[in-house]
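Heads up, the working numbering is the position in the sequence shown plus 490, with the first residue counted as 1.
One structure is given here, and the rest of the page talks about it.
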Amino acid sequence: MKSLVLAVILVVASALPSFAEEDACDMLFVQSARNMAYDGKNLILIGADPNIIFFCDRPVRAAGHLTRKAFFDLVSKGNDTFAENHPNASVSVFDADNNVVASVVVELHKRPVVSGDRLIFPVKVVDGELAEKGDATVVFIDPIGRPLSPGSVAGVHRRHRRRAIRRAVR
C-alpha cells in the first residue's frame, strides 16, 4: 500500500519543476462542480469536474491537474489522510449571474465518494451556512496535514517525506 502511495506521489512530483531543498511544495487543491447540495452531513458536488487542480504555495510556483484516482490516493492512504488529519476547505457557491452567494469554511472528514457524476464529501461546517442546494460551486482544499507552525510534528513529517521524494526522483 505504501508503495502505491509513493508511486502516485513520484508521478506528481516528477511533473513539478525542480526546486531547492529548503522550498516546500504544499499542494492546495481546487474542485469545481456544476451544482451542489448539502444534506446536513455531506457536501454533494453534482457534475463535479473529473480532474482536480493543484497548485503549490509560495515560494514554489507549480500547478497541474490530478485525476480523481490520484487525488483519492493522496488523501486516503499514508500518514496524512482526510480521516486522520481533517483539512479545511473553502466552499464558494455562485448564482446564475456568477455572483458569490455563499462562502463557507468546512472540515473534510473522509475520502470523498463518487456516485455517478456526484462527488460526495463528508463535512463539518466550521464557519458560514451551506444551503440545501446551489449552482456552480468551487471547493478550495488546504494541504493535507498543514502545520499550525513550521516546527509542528505534521510539518516535520511532511518535510521529511518531500525530501525523500525529491531524492528518489533525482
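Note that CB positions come from ideal geometry on N, CA and C, so glycine has one too.
Note that the structure is a prediction, hence the values are computed from the model and not measured.
Alpha-carbon to alpha-carbon, residue j and residue i
i, j, result
"residue 532", "residue 615", "10 Å"
"residue 629", "residue 577", "12 Å"
"residue 548", "residue 574", "26 Å"
"residue 544", "residue 593", "20 Å"
"residue 535", "residue 590", "16 Å"
"residue 586", "residue 625", "7 Å"
"residue 556", "residue 613", "22 Å"
"residue 527", "residue 567", "27 Å"
"residue 609", "residue 520", "13 Å"
"residue 518", "residue 588", "23 Å"
7 Å Cβ shell around residue i - same chain, five flanking residues per side excluded
i, result
"residue 579", "596, 598, 629, 630, 631 and 632"
"residue 537", "523, 524, 525 and 607"
From the options, residue whose alpha carbon lies closest to that of residue i
i, options, result
"residue 546", "573, 554 and 540", "554"
"residue 611", "583, 602, 581 and 528", "602"
"residue 605", "515, 518, 558 and 544", "558"
"residue 565", "617, 542, 550 and 585", "542"
"residue 584", "551, 525, 540 and 607", "525"
"residue 620", "581, 523, 539 and 522", "581"
"residue 627", "518, 540 and 522", "522"
"residue 607", "540, 520 and 519", "540"
Where residue i falls: helix, strand or coil (DSSP)
i, result
"residue 564", "helix"
"residue 558", "helix"
"residue 524", "strand"
"residue 571", "coil"
"residue 553", "strand"
"residue 546", "strand"
"residue 632", "coil"
"residue 612", "strand"
"residue 533", "strand"
"residue 597", "strand"
"residue 606", "coil"
"residue 617", "strand"
Close-in-space but distant-in-sequence residues of the same chain around residue i (CB under 8 Å, 5 per side omitted)
i, result
"residue 529", "622"
Any C-beta of chain C under 9 Å from that of residue i
i, result
"residue 530", "Here there is only one protein chain, and chain C is not present."
Proximal residues to residue i (C-beta, below 6 Å), its chain only, five neighbours per side dropped
i, result
"residue 572", "565, 598, 600 and 601"
"residue 617", "595"
"residue 639", "Because the pLDDT of residue 639 is 34, which lies under 50, any placement of that residue in the model is unreliable, and the number read from its coordinates should be weighed accordingly. Within the same chain, residue 639 has no close Cβ partners at all."
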